[in-house]
Structure formats: structure tokens, C-alpha cells
Amino acid sequence: MELDSFSDEFGPELIYEVYDPRTGLRGVTVVDNTALGPGKGGIRMTPTVDVTEVFRLARTMTWKNSLAGLPFGGAKSGIIADVKNISRDKKKDLMQAFGRALRPIAPKKYIAAPDVNTAEEEMRWFVEANGSHHSATGKPSNMCVKPGVKCGIPHEYGSTGYGVSIATLTAARYLGIDPKGMTVAIEGFGNVGTFAAKYLQEAGAIVVAVSDSKGCVYNKGGMKYSDLMAAKEKKGTVTAYNKGEMLPNSKIFEIPVDVIIPAAMPDVITKENVGRVRAKAIVEGANIPMTEEMEEILHGRGVLVVPDFLANAGGVISSYAEYMGRNPRDMFKLVKEKLERNSELVLKRAEKENMKPRNTALLIAKERVKAAMAKRDKKF
Ligand code: NAD
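Below is the structure:
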């Protein structure tokens, strides 16, 4: 394992490998840094997940939680499983075995959440086996700590897409674009894309293009969120919306709009198409929709890029609200407050110090973790 090549002053603090012969569970949790609080990050279940991948994701969580201003450190877990070829019962067995095995570190040093191939039901199994409802967030909304006291805020409430809409509106204000009439193109119409569209439309923005894995639909005059959802619900794809022009889904990045929101795949803005981007801003709803090199090119051309770990932090902010026992209404309030404050902070400082927003965001996240580490070291 090449951990030595990327471990540093920040972490990882703990690598917790788990084997359970009875269920065949093989998993790992990497707690990267806990200076700000217990390590927070999702559990992914794939056939290929390994400690290196989990470490890199844990490190991303260290910066994301710090930048979001949450009292959480960074962590992540992986369970090796051929998830497409196992039964629901087998998946339940594995999640429960993992929940039991992590009792020594969760929730004290690690708090789980959904990630690739795990969702609210998996969190229920994990928490029930672990014994503490604080050991995971993203639990079902009907899960109770005690009769009548609900403890789950699942990702299905749309906190990430809502947060993306707030980051977009903050970026628009910064650029002097009036949200009323601001044109938006959204790549991906899943959890993040649908909620971003909904809340941006509510703020007066005009959604002129959306895409999913089947293609892109474009209407210069704008499309109603409810009509797009109806098309998606009826035919399983937004391309069934019949009052627009159909385009190949790669064309969405070339449409002349105020803002593009990538909310699906990694590496969609590339050397090949970056020169054809005509938007004023790109708000990264998806993780790593382009390399830093592409961000640099766009920055050089005056296109504002709001980085992923700032723009899509609504989910972790919601996790914090759930952890603190808040209700969904308070959760939305917290996402708005934090996303507005953090986006403004990053954009203004980036301008003042003549930096790319991603570099400024990382700098702020590191400064906060370093300060917490110094405080912790002083205590001992
Ligand atoms: P999802 O599975 O709910 O939706 C993905 C959407 O992308 C679907 O509509 C799918 O049809 C579409 N898609 C797939 N291939 C496409 C293509 N080639 N072109 C256009 N659209 C395509 O996923 P999600 O939860 O909305 O996540 C989207 C992105 O946001 C991912 O990068 C994810 O890592 C990131 N993210 C999600 C959350 C969250 O809370 N859901 C949090 C942080 C980051």
C-alpha cells in the first residue's frame, strides 16, 4: 500500500480494517483527521474499494467538513462487495456486521453516512447493529430514537441540491447577475440536479436546459420544473419532455447561459470542450466535474468556477443537523446560512488575494484544521 506517499501532518489518524468470517465482511474505515470533531464520511460498497481510495475520500471529507464550518473531522469507509450480485439479505448482513465491528470507534471517532450503493435503509441496519443512533446520519425519516422522537433526515430531502441552488444564487449576486431571469443549464437530473432546478426556479431563475443519461433537452424560453418532473416520472427520462429541442447530452456545456451546473458525472469539461463553454459561471454540483487544469483555463477566461467541495456541501450540513437532532425545516435553514456565508467568504477572499476559488477554499479549510490541531496539541 502506498499510504506513505500521501500521508502527511494532517493524517490519517486511524486505519481500521475489519474482517468477519461469519458474514464474509471485508471492510475498512479511515479516520483522516479529528481535530475539529469525530470523522464524518459515507460508507461505499463496491467490489473494488480499497484503503487507498478510502483514504483519499476521507481526506476530501476533512476539507469539506472544515470549509462547511462543521465540528466534524474527515473519514470514510469501504465495504468490499459485489453489490450487484448479492441479495438484499446478504447486504443487510454485511451492513449489520460492519455496524457491530465499528462499535469501538463509532460514534466516538467515526460517524457514517450513505455513499455509493448505500442509502437510508443501509444506515438503519448499521445503526441498529451498532447500538447508537449517533453512529450514522442519512437515516430514514421515520426512524425513532424513542417512541415519537424521530432521528433521521435522509438525503432524499434534497439538501445537496438545495445547497447547490444557494451557492449558485450567491455566485450570481457576486457577479451582479439578477437571479430573476438568470438562465441555467443543469447536467444530470437525479437527486442533486432536480432539487437544484426546483429551488432555482423558485428564486426566479430560468432553467433552459437539462440532461440525463439519455440526452439533453433545451428550450431557450425556459422549462417548468413540474413539467420536467412529470416527463421524468412518466417515461423515466427528462428527454421525454416534448416542448424543447433534443441535443446530445455533451452539448449542454456549450449552451449560452449564465450558469452551468454539472450534477452528474466526473470529468465532463475537458480539453476538448472547455473552449466552447459560454457560461459566466459553473457551479460544481457533482464531484470533480473537471480537473484543476480546466478550472485554471476557465478562471483565466473570467469564468467563475465554484468548487465542488464548497457547492455540494448541503448534504454534510444536513448530516450535522440530523446529528444534532434538528428537524428538516431547521436543516434547510442551516444549509442556507452556511452555504451563503461560506460561498461569500471564498469568493471575496479569492478576489482579494487573486486566487482561484478552489485554492482559496482549500486554504481556508486547512487554516481551520491547523488552528484546531494547534489548540489540541496545546492541551496535551
Ligand atoms: P443520481 O444518481 O441521483 O443522479 C445522477 C443523474 O445523472 C441521473 O439523472 C442520470 O441519468 C444522470 N446522468 C448519468 N449519466 C449522464 C450523462 N452522461 N450525462 C448527463 N446526465 C447523466 O446522483 P446524485 O446523487 O444526484 O449525484 C450526482 C453527483 O453529485 C455525483 O457526482 C455525486 O457524487 C455528487 N454528490 C451528490 C451528493 C448527494 O447528496 N446526492 C452529495 C455530494 C455530491
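Here the sequence shown stands for residues 887 to 1266, where the numbers follow my numbering. All residues carry an ideal CB built from backbone N, CA and C; glycine is no exception. Keep in mind that this is a model prediction, so the values were computed, not measured.
- As computed with DSSP, D1098 is found in a beta bridge with G1101.
- Annotation for D1001: no beta strand (DSSP E) segment contains it, and DSSP assigns it neither H nor E.
- Rounded to the nearest angstrom, the gap between the Cα atoms of K1032 and F892 is 43 Å.
- Under DSSP, N919 forms a beta bridge with G960.
- For the pair of segments examined, the stretch 1110-1122 was found not to touch the stretch 1174-1187: the number of CB pairs separated by less than 8 Å stays below three.
- Scanning the stretch 1125-1189 for uninterrupted alpha helix (DSSP H) segments of 4 residues or longer gives 1178-1186, listed from N- to C-terminal end.
- A distance of 7 Å or more separates the beta carbons of A1197 and A1083.
- In the structure shown, the three-state DSSP call for G1079 is helix.
- Within its own chain, the residues whose Cβ lies closer than 6 Å to the Cβ of G928, once the five positions on either side in sequence are excluded, are A999, P1000 and D1001, listed in chain order.
- Pairing C1037 with T1125, the inter-Cα distance amounts to about 37 Å.
- For the 7 Å CB-CB criterion, V1143 and A1071 form a contact.
- The shortest C-alpha to C-alpha distance from P933 to any of R986, F1218, L922 and R912 is the one to R912.
- The residues I1039, S1045 and M1217, in chain order, have a CB closer than 6 Å to that of S1204 in the same chain once the five nearest residues on each side in sequence are set aside.
- Linking F1139 to I1250 through their CA atoms gives a straight-line distance of about 30 Å.
- Within 10 angstroms of the beta-carbon of N971 lie fewer than 16 other beta-carbons, which makes it exposed.
- Shown here for A1150: same chain residues with a beta carbon closer than 6 Å to its own, the five before and five after excluded, namely E1073, G1074 and A1172 in chain order.
- The Cβ atoms of N951 and V1191 do not sit closer than 7 Å to each other.
- Each residue's CA atom was taken as its position, placing G1079 and M1259 some 36 Å apart.
- Taking C-alpha positions only, V1094 is separated from Y1104 by approximately 6 Å.
- Rounded to the nearest whole angstrom, the C-alpha separation of Y1206 and L956 is 7 Å.
- A distance below 6 Å between beta-carbons, with the five flanking residues on each side excluded, links Y1085 to the following residues of its chain, in chain order: Y1048 and S1051.
- Of the residues W949, G923, G925 and T915, the one whose Cα lies closest to the Cα of T938 is T915.
- Assignment of D936 by DSSP, reduced to helix, strand and coil, places it in the coil class.
- Taking a C-beta distance under 7 Å as the contact criterion, V917 and Y996 qualify as a contact pair.
- Residue environment analysis places V1035 among the exposed positions, since fewer than 16 neighbouring C-beta atoms fall within 10 angstroms of its C-beta.
- Distances taken from the Cβ of D1098 to the heavy atoms of the ligand NAD include one shorter than 6 Å.
- Comparing C-alpha distances from M1180 to each of I1141, A1165 and G1161 shows the shortest one belongs to G1161.
- About 6 Å separates the CB atoms of T948 and G959; that is less than 8 Å, so the two are in contact.
- At least one heavy atom of the ligand NAD is found less than 6 Å from the C-beta of T1046.
- Restricted to the stretch 962-1027, not a single beta strand (DSSP E) segment is unbroken, complete and at least 3 residues in length.
- Put simply, of Q982, G1186 and K1121 the residue whose alpha carbon is nearest the alpha carbon of N1016 is Q982.
- The Cβ neighbour count for F941, taken over all protein chains shown within 10 Å, is at least 16; the residue is labelled buried.
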